[in-house]
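Counting in numbering that gives the first Met the number 0, the sequence shown runs from 0 upward without gaps. We treat Cβ as the ideally placed atom computed from N, Cα and C, and that holds for glycine.
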Amino acid sequence: MAEVQYLAEPRVDDATDPSVPPRSRLRLVLVRGIVWGLIGLIYAPVFAALYALLIQVGAGSASYVPAAAIAGAAGAALYGSKEVALVGAGVGALIALCLLVALPGPVALPIVALSAAAVAAVVALTTSFPARCSHHLLGKMLAGFSAGGVGGAILALVEPLHPQVFALFAVLAFLVSVNGVLYVAGVRRWVAWTDGLRFKMRPCRVVETLVISVLAGFTAASVWLLAGSLMGWNAESVFGDAADALYRQLPVAMFGGLFGGAVAGVLLELFRFSWVHDL
0 MAEVQYLAEP RVDDATDPSV PPRSRLRLVL VRGIVWGLIG LIYAPVFAAL YALLIQVGAG
60 SASYVPAAAI AGAAGAALYG SKEVALVGAG VGALIALCLL VALPGPVALP IVALSAAAVA
120 AVVALTTSFP ARCSHHLLGK MLAGFSAGGV GGAILALVEP LHPQVFALFA VLAFLVSVNG
180 VLYVAGVRRW VAWTDGLRFK MRPCRVVETL VISVLAGFTA ASVWLLAGSL MGWNAESVFG
240 DAADALYRQL PVAMFGGLFG GAVAGVLLEL FRFSWVHDL
């Protein structure tokens, strides 16, 4: 059966064809910069939260590698699963906010995350999504994980040679731009490799349910982490210290992610990297 073509998505031929008029090329550059800027906004809080937590447990410069790799995988999952990702993130944020507002006193992190995951699973099992499900998601996540790991490894090796700790804005701008370029350059190879292992993720309904549940739990945990810093929960714990550090640096991190994503998107379009919406 032929795959469905979504007219709302940019065509690969249009994005890479040298004969496209200059005005259309400029529009494509702008659109891709905006798209990747939004991806940077997703990447930044995930990386910042993981990095703050790892620093609190004493991982030092090595914190860059797992934080960047996991953030890269999370960004790839959100970018690659399209409508599924939006549902998971939306349900997670909604359930977390409802629990935080409705229940008196501090709410345990596992309760918030598991409640969001359970509700998201019910939504996924009772909702139909477009025919192109996320059966290539493993390859996309591996591409994001490896791209993030490369960027994090570079920072982990270079920072000890630098007289000061890198500013978070510069870290996010570097990581998001490098991650974006490496992801687009390598995602087709990762998808082809996972397909060669006959690891297409099916059946779609089960995959979608799992993805939505994980993303909902992850989003709910992120909301809880931010709320904890505002409400003074677990002030003496590792989570509390990480939440406080995240809250202080989050605006800078978000701006760095936005800037780095926009730069990556513009470069990808200027150098005619193909769009990957067809995967």
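- Between V175 and V106, the alpha-carbon positions lie close to 33 Å from each other.
- Apart from the 5 residues on each side of it in sequence, I110 sits with its Cβ closer than 8 Å to the Cβ of L98 in its chain, given in chain order.
- Taking the Cα positions, S114 is about 27 Å away from H135.
- Secondary structure of G260 (DSSP, three-state): helix.
- Nearest in C-alpha terms to L214, of all of M253, V45, G147, L181, is V45.
- If only uninterrupted alpha helix (DSSP H) runs of at least 4 residues are considered, those enclosed by the region 47–120 are 63–79, 82–101.
- Rounded to the nearest angstrom, the gap between the Cα atoms of L52 and S23 is 44 Å.
- Remark: C-beta atoms of G138 and T218 do not approach each other more closely than 8 Å.
- The Cβ atoms of G260 and L37 sit closer than 8 Å to each other.
- Taking the Cα positions, A146 is about 40 Å away from A101.
- In this structure the region 161–176 touches the region 248–263; the number of beta carbon pairs closer than 8 Å is three or more.
- Shown here, V164 sits in coil according to DSSP, grouped into three states, outside any helix or strand.
- Each of N178, F254, L225 was checked against the Cα of G74, and the nearest Cα belongs to N178.
- Boundaries cannot be given for S273, as no alpha helix (DSSP H) includes it and DSSP labels it neither H nor E.
- T126 sits in coil when the DSSP states are folded into three classes, being neither helix nor strand.
- For L37, the three-state secondary structure derived from DSSP is helix.
- The Cβ-Cβ distance between L257 and A48 does not fall below 8 Å.
- The distance from the Cβ of G143 to that of Y63 is about 16 Å, inconsistent with a contact at the 8 Å cut-off.
- In this structure V190 is buried. Its beta-carbon is surrounded by 16 or more other beta-carbon atoms within 10 angstroms.
- For the set R187, Y50, V122, the Cα lying nearest the Cα of G91 is the one of V122.
- Per DSSP, L196 is not a residue of any alpha helix (DSSP H), being assigned neither H nor E.
- Nearest in C-alpha terms to L124, of all of L167, S273, R204, is R204.
- The beta carbon of V222 is closer than 6 Å to those of A92, A95 in its chain, skipping five residues each way along the sequence.
- At a Cβ-Cβ threshold of 8 Å, S60 and A120 do not count as neighbours.
- In terms of Cβ geometry, G216 and A72 do not form a close pair [threshold 8 Å].
- In this structure, the alpha-carbon of A70 lies about 15 Å from that of V180.
- Distance from the Cα of A252 is smallest, within the candidate group L77, R271, A220, Y50, for Y50.
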